[in-house]
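What follows is a single structure, written as structure tokens, with notes after it.
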């Protein structure tokens, strides 16, 4: 076999992944912070749970512990530079809403806002958290999903021909999907 | 704001995601089972941990509990039909290796094989598991990554112009990336 061994960590083999923007209030609910996260994804359907992995070293980690809730914003491909920029500064030092002139949308179920540029957003309440190595997995129960009109097909899938998502490839690389490759194939349970 | 509320579960807002194929031995190590999983991803860097969410109703769940280890195979876009087919039958009823004429590659650190068609594979030992709603998160420590030559760039990112990954969009839809959209942007810590 023509395989060679790599150190785990030497290859971003689990990318590309959608990059979502996690929104959290500070303790006084004066300033909302927004951070792009690629290590995030669904954990269960019933109840609907979504996990976000965050390093304890970050400002966002401290905010999440205090707030106990977070929003998720998924931005279209044309906003990729904004999404990347949100990861270049810390909310400890910078009010990102002011610095990047972020337009906010009000949540209905939680208090933290989401980004008005999002094509879809979710409102989550932290139900538990677990320490895994150098990261904390914050498990959020999805209480509401807010979507722009006609972004999802009747079967619930993203209409990628109309709305291209931001995918993160690792390091400092980003890309989106090729809607022309979309195929429909049989699917079932294991 | 022109957002409308959707039931969580009505929209696959967290897709597309890479579809990996999880490989596990049966208890007698006579038959390896392979199942495509989209609810899977990295959980930590130190140590390198990778989580796989599996329903307790599935055959794979039972196998994972017994085996305590699993392989991950990432197949190229030209194998999308094979990857989808692996999800249409249960290893309870069918020997997928025989039924789909799967070519296997030997692991070096664990005993479960991976798929020889993979462009990258990982060998994982289950270090813990957690029950989240209707799913179990199996946390695997990544002990080895095996990659085909030149699949990853020096910065560790997938060379998407040469190797297009299989992405799952939800329902029965699959697609891949558009390598022409690849951009390099600043990135830093929160």
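Protein chains in written order, with this note's numbering: chain A, 1 to 190; chain B, 1 to 190.
In this text, a Cβ means the ideal position worked out from N, Cα and C, and glycines have one as well.
Quick caveat, the model's predicted, so the values are computed rather than measured.
The C-beta of residue 173 of chain B comes closer than 8 Å to at least one C-beta of chain A. Going by DSSP, residue 62 of chain B is part of the alpha helix (DSSP H) stretching over 59-67. By the neighbour-count criterion, in which a residue is buried when 16 or more other Cβ atoms sit within 10 angstroms of its Cβ, residue 96 of chain A is buried. Annotated three-state conformation of residue 94 of chain B is coil, per DSSP. Residue 64 of chain A places its beta carbon less than 8 Å from that of residue 24 of chain A.
Rounded to whole angstroms, the gap between the alpha carbons of residue 72 of chain A and residue 31 of chain B is 41 Å. Judged by beta-carbon spacing, residue 49 of chain A lies within the 8 Å limit of residue 139 of chain A, meaning their Cβ atoms are closer than that value. Nearest to residue 28 of chain A by C-alpha distance, out of A/157, A/174, A/67, is A/67. The three-state reading of DSSP puts residue 82 of chain A in helix, counting H, G and I together. Counting only runs that start and end inside the stretch 112-139 of chain B, the beta strand (DSSP E) elements of at least 3 residues fall at 120-132. In this structure, the straight-line span from the alpha carbon of residue 162 of chain A to that of residue 76 of chain A is close to 10 Å. With a threshold of 8 Å between beta carbons, residue 129 of chain B makes no contact with chain A. Shown here, residue 77 of chain A sits in a helix according to DSSP, grouped into three states. Residue 141 of chain B is bridged by DSSP to B/49, B/125. At least 8 Å separates the beta-carbon of residue 83 of chain B from that of residue 52 of chain B. Judged by beta-carbon spacing, residue 46 of chain B lies within the 8 Å limit of residue 134 of chain A, meaning their Cβ atoms are closer than that value. Against chain B, the CB of residue 155 of chain A has a partner CB under 8 Å away; the residue lies at that interface. Between the C-alpha atoms of residue 156 of chain B and residue 120 of chain B there is a straight-line separation of about 12 Å. If only complete runs of 3 or more residues are kept, the stretch 140-185 of chain B shows the beta strand (DSSP E) at 167-170, 173-184, in order along the chain. In summary, the residues of the stretch 48-67 of chain A whose CB is separated from some CB of chain B by less than 9 Å are 48, 49, 50, 51, 53, 54, 55, 57, 58, 59, 60, 61, in the order they occur in the chain. At a C-beta separation below 9 Å, residue 169 of chain A has these neighbours in chain B: 157, 158, 160, 177, 182.
Contacts with chain A at 8 Å (Cβ-Cβ) do not include residue 112 of chain B. Among the residues of chain B, those whose CB is under 9 Å from the CB of residue 4 of chain A are 146, 147, 148, 149, following chain order.
Distance check between residue 9 of chain A and each of B/7, B/180, B/44, B/177 places B/44 closest, using alpha-carbon atoms only. A direct Cα-Cα distance of roughly 11 Å separates residue 15 of chain A from residue 164 of chain B. If you look at residue 8 of chain A, you'll find it isn't in any beta strand (DSSP E); DSSP assigns it neither H nor E.
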